[in-house]
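Line by line, the protein sequences give chains D and V.
Start counting the first sequence at 1386; every next residue gets the next number (the working numbering).
Start counting the second sequence at 115; every next residue gets the next number (the working numbering).
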Amino acid sequence: MDRSKLSRRTWLATTSGVIAAGLLRTQADAVRLEAQETPEGLRDPSKVPGRPTSEVGARAPGEQPRRLVRNQNLSSSSRTPLQDLNGTITPADLHFERHHAGVPDIVAEDHELLIHGIVDRPMVFRMADLKRYPCVSQTYFLECSGNGGGAYSRDRMPTDITVQALDGLLSTSEWTGVPLSWVLREVGVRPGASWMLAEGGDAALMSRSVPLDKAMDDALLAYGQNGEAIRPEQGYPLRLFLPGWEGNISVKWLRRLEITDRPTMTRDETSKYTDPLRGGAARQFSFVMDAKSVITFPSYPYALPDRGWWEIKGLAWTGRGRITRIEVSTDGGRSWADAQLQRPVLSKSTVRFRHLWEWNGGEALVLSRATDETGYIQPTVHELWDVRGERTSYHQNHQRAWKVASTGEVTFGLGDLV
Amino acid sequence: MKGLVAVSASLILVACEMAGVGEGEGMESPYPLPLDAPERFSFGQDASEDRISLWDIDVRPDGEGLPQGSGTVQEGEAVYRTHCLVCHGPTGTEGPYHVLVGTAPWEEWPGSRTIGGYWPYATTLYDFIRRAMPQLTPGILTADETYAVVAYLLHLNGVVRDDALMDAEALPAVIMPARDRFVADDRRGGAEVR
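Laid out in structure tokens, this is it:
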């Protein structure tokens, strides 16, 4: 990066803010300040007053991470820039999007949640009602089960794909809301109930059937995300949140829950979000996201400028509880070393892992693999192909690989292993 | 081994941290109700039958939820040409959006998840079209028009004859080619990859 250019841009932004605040009154003052430079030719921000307080903050001009938008279709997705983020929390405006008929404009005061079906007391809740219930806040990952499908086909294994383009349908937030079990207690679920249809208030009335066991376990009626109201793209003002399960079933813009005794067999649990297997069967209701890890650094299109010490960084998660171990390989999976896990390791959330690596300047193939608390080890793509065939879709949680060339250039390297 | 020891220690730490909010194993719910919670809070309003019927639009494989009305394959062709063709093509195979028509099983992919090749229940067509189609004017079709276009799509996919009529009795009786190919998720965690 051109530091002198960046610093001039920052400085100009700073100066214009100061002028707007009336602290500097003349152009001459600005010109005089422009002349003040450090010996190295860098602008010195300590020689000019800073900007005053503001009602809403903004990112630094030189830090402008963006979601990756594929197209402008109404049914589309955008992906989180995993390579630009630290820690585990995804800024709410960078949380991935996947919607089936666009983002609806909903006024919270007008929004209602209807709960009916096999219950004693069908009820309608307004947002003020739901917010009056006791609430909880929990940090959970959310991943679209289509995440990573771009690196599953033997014939179309890419080399020039970023971690954002491949696996950016993953985000982590602190979600706030009322446990669904507490609200179902109010309506009185009757004996014989076993499923629940969840329906959104978007133009697709997106709907999924949820086993009642999950609804009574850790499901949330969520209205908060990272301390603020849920963003419109994430379901404002209310979404279902089912920790550890494929993102599609955490229905956004939630407006109806019908307690039933069987699944409804909606479009999105039959023709979509099902997994064709080897032999002609298709797996249905494959809710849980199995353990997975991705390396966010080094990754394409970065180029390591010199040999020496580098920290391999990444994220890992499992829908079955906690990640217990991350291993990293720099030789294509021939040998593995334990990576460090950033504590605390939360259940059904992402964990940041790191592994210090001294690059000797030779070609390297860098992999990670996750183990979760059930003993499940993130499989190789060959293991998934063996049990599911090569034409399945969704839930492609196999190990990824980055290839570091002797020039330092990094490309997606899974093709070297197939 | 060093990594394993560190991980065990972190798990114990986390377990202690989480015990206070009820995430420990063997708890009935990860979110125990506050101790003083009443039997009911009663925030919210009772929902009347009218209120429920306003939104209760889902249709299930046994036909529950299907409205009165009917439509034929021939009527459905007209509905299709007016509302569907622009996105799905003259014969349902051209796109530009989802390919609807095809009878090839999915072993012959890459292809699309066509109605004839992949959809297990004909009722899902009615449910989905009623809630989400046409994409730019969802909800515009009458019950008769929806039955008709469902009949037409089933016919294009070779599932029903060209003189078929769909209504609340006929639609759930349609057996889709892919119906028995779906199996429940058998992944359970643990060492085995499935």
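Backbone N, C-alpha and C fix where the C-beta goes; we use that ideal spot for every residue, glycine too.
If we define contact as Cβ-Cβ less than 9 angstroms, is Gly1857/D a contact residue for chain V?
Only positions 1386 to 1803 of chain D appear in the structure, and residue 1857/D is not among them; the question remains open.
Given this structure, state the Cα-to-Cα distance separating Thr1557/D from Arg1541/D, to the nearest angstrom.
To locate residue 1557/D, count along the first sequence from 1; it is residue 172. To locate residue 1541/D, count along the first sequence from 1; it is residue 156. Spanning the two alpha carbons is a distance of roughly 29 angstroms.
Does the beta-carbon distance from Leu1625/D to Ala1583/D come in below 9 angstroms?
On the first sequence, residue 1625/D is found 240 positions in, with the first residue counted as 1. On the first sequence, residue 1583/D is found 198 positions in, with the first residue counted as 1. In this structure, Ala1583/D lies closer than 9 angstroms to Leu1625/D by Cβ.
Mind checking which residues open and close the beta strand (DSSP E) that includes Thr1561/D?
Residue 1561/D sits at position 176 when you count from the first residue of the first sequence. Its beta strand (DSSP E) spans residues 1555–1564.
Residue span of the alpha helix (DSSP H) that contains Met1601/D, given as start and end
Stepping through the first sequence from its first residue, residue 1601/D is reached at position 216. 1597–1601 is the span of the alpha helix (DSSP H), which, as asked, contains Met1601/D.
Span of the beta strand (DSSP E) around Arg1739/D:
The residue given as residue 1739/D occupies position 354 in the first sequence. Start and end: 1736–1744.
Closer than 9 angstroms, CB to CB, is Thr1649/D near chain V or not?
For the purposes of this step, residue 1649/D is identified with residue 264 of the first sequence, where counting begins at 1. Yes - at least one Cβ of chain V is within 9 angstroms of the one on Thr1649/D.
Which residues does DSSP list as the beta-bridge partners of Trp1787/D?
Looking up residue 1787/D in the first sequence gives position 402. Trp1787/D pairs with Val1751/D, Phe1797/D.
Restricting to Cα atoms, I'd like to know which of His1501/D, His1484/D, Ala1445/D, Ser1461/D is closest to Glu163/V.
In the second sequence, counting from the first residue as 1, residue 163/V sits at position 49. Nearest of His1501/D, His1484/D, Ala1445/D, Ser1461/D to Glu163/V, Cα basis: His1501/D.
Name, in chain order, the residues that DSSP records as bridge partners for His1484/D.
Numbered from its first residue, the first sequence carries residue 1484/D at position 99. Per DSSP, Ser1461/D.
Indicate the three-state DSSP secondary structure (helix, strand or coil) for His202/V in the structure shown.
Counted from its first residue, the second sequence places residue 202/V at position 88. It is helical.
Quick one: list the residues of chain V neighbouring Thr1655/D, beta-carbon separation under 7 angstroms, in chain order.
Indexing the first sequence from 1 puts residue 1655/D at position 270. Near Thr1655/D (Cβ distances below 7 angstroms), the residues of chain V are Trp233, Pro234, Tyr235, Thr238.
Counterpart residues of Leu1623/D in DSSP-defined beta bridges
Translated into the one-based positions of the first sequence, residue 1623/D becomes position 238. Leu1623/D is not bridged to any residue.
Along chain D, which residues have their Cβ under 8 angstroms away from the Cβ of Leu214/V?
Translated into the one-based positions of the second sequence, residue 214/V becomes position 100. Going along chain D, no residue has its Cβ under 8 angstroms from Leu214/V, so there is no contact; the nearest lies around 10 angstroms.
Taking a cut of 7 angstroms between CB atoms, which residues from the stretch 176–199 of chain V lie near chain D?
none
Residues of the stretch 1547–1576 of chain D whose Cβ lies closer than 7 angstroms to any Cβ of chain V, in chain order
Pro1564, Ser1566, Trp1567, Glu1571
Those residues which DSSP pairs with Tyr1698/D across a bridge
Here residue 1698/D refers to the residue found at position 313 when the first sequence is read from its first residue. Note that residue 1698/D is Lys in the sequence shown here, rather than Tyr. Phe1682/D, Arg1739/D.
Could you check which residue in Thr237/V, Gly206/V, Gly253/V has the C-alpha nearest to that of Arg227/V?
Locating residue 227/V in the second sequence gives position 113, counting from the first residue. With distances taken between Cα atoms, Arg227/V lies closest to Gly206/V.
If the cut is a Cβ gap below 7 angstroms, which residues of chain V does Met1674/D touch?
Here residue 1674/D refers to the residue found at position 289 when the first sequence is read from its first residue. What Met1674/D touches in chain V: nothing, since even the nearest Cβ is about 10 angstroms away.
Determine the direct distance from the alpha carbon of Glu1758/D to that of Val307/V, and round the result to whole angstroms.
If you number the second sequence from 1, residue 307/V lands on position 193. If you number the first sequence from 1, residue 1758/D lands on position 373. Rounded to the nearest angstrom, the two C-alpha atoms are 15 angstroms apart.
Selection of the stretch 268–300 of chain V by Cβ proximity to chain D, strictly under 7 angstroms:
Arg295, Phe296, Val297, Ala298, Asp299
Looking at the structure shown, is Trp1630/D part of a helix, part of a strand, or coil, going by DSSP?
On the first sequence, residue 1630/D is found 245 positions in, with the first residue counted as 1. Three-state result, Trp1630/D: strand.
Give me the Cα-Cα distance between Pro252/V and Trp1560/D, rounded to the nearest whole angstrom.
Taking the first residue of the second sequence as position 1, residue 252/V is located at position 138. Taking the first residue of the first sequence as position 1, residue 1560/D is located at position 175. Approximately 31 angstroms between the Cα atoms of the pair.
Residue ranges of each alpha helix (DSSP H) within the stretch 166–210 of chain V, 4 or longer:
187–197, 199–202
Count the other CB atoms, across all protein chains shown, that sit within 10 Å of the CB of Thr1792/D; report buried if there are 16 or more and exposed otherwise.
Looking up residue 1792/D in the first sequence gives position 407. Answer is exposed; the Cβ neighbour count stays below 16.
Could you check which residue in Gly1706/D, Arg1647/D, Ile1697/D, Tyr1779/D has the C-alpha nearest to that of Lys1788/D?
As a position in the first sequence, residue 1788/D is number 403, starting the count at 1. When only C-alpha atoms are compared, the closest one is Ile1697/D.
Here's the rule: buried if 16 or more other CB atoms are within 10 angstroms of the residue's CB, otherwise exposed. What is Asn1745/D?
By one-based count along the first sequence, residue 1745/D stands at place 360. So Asn1745/D ends up on the exposed side.
Which word fits Leu1726/D, buried or exposed, when buried means at least 16 other C-beta atoms lie within 10 angstroms of its C-beta?
Reading the first sequence from its first residue, position 341 is the one you call residue 1726/D. Per the 10 Å Cβ criterion, buried.
So is Gln1523/D in contact with chain V if we call contact Cβ pairs under 9 angstroms?
Sequence index remark: in the first sequence, residue 1523/D carries index 138 (1-based). Closer than 9 angstroms to some Cβ of chain V, the Cβ of Gln1523/D qualifies, so yes.
Between Ser1463/D and Arg1452/D, which are expected to be in contact by the criterion C-beta below 8 angstroms, what is the C-beta distance as a whole number of angstroms?
Locating residue 1463/D in the first sequence gives position 78, counting from the first residue. Locating residue 1452/D in the first sequence gives position 67, counting from the first residue. Rounded, the Cβ-Cβ distance is 4 angstroms, consistent with contact.
Within-9 angstroms CB hit, Thr1645/D to chain V
Along the first sequence, one-based indexing puts residue 1645/D at 260. So, interface residue.
Does Val1572/D come out as helix, strand or coil in the three-state DSSP assignment?
Within the first sequence, residue 1572/D is the residue found at index 187, counting from 1. Residue state, collapsed to three classes: helix.
Would you kindly report the start and end of the unbroken alpha helix (DSSP H) that includes Ala282/V?
Sequence index remark: in the second sequence, residue 282/V carries index 168 (1-based). Careful: Ala282/V lies outside any alpha helix (DSSP H) and carries neither H nor E.
So if DSSP puts Asp1660/D in a beta bridge, which residue, or which two residues, is it bridged to?
Taking the first sequence and counting its residues from 1, the one referred to as residue 1660/D is at position 275. DSSP lists Arg1668/D as partners of Asp1660/D.
Does the beta carbon of Glu1794/D sit closer than 9 angstroms to a beta carbon anywhere in chain V?
The residue given as residue 1794/D occupies position 409 in the first sequence. Closer than 9 angstroms: no.
What residues are listed by DSSP as bridge partners for Thr1524/D?
In the first sequence, the residue the question calls residue 1524/D occupies position 139. Thr1524/D pairs with Glu1559/D.
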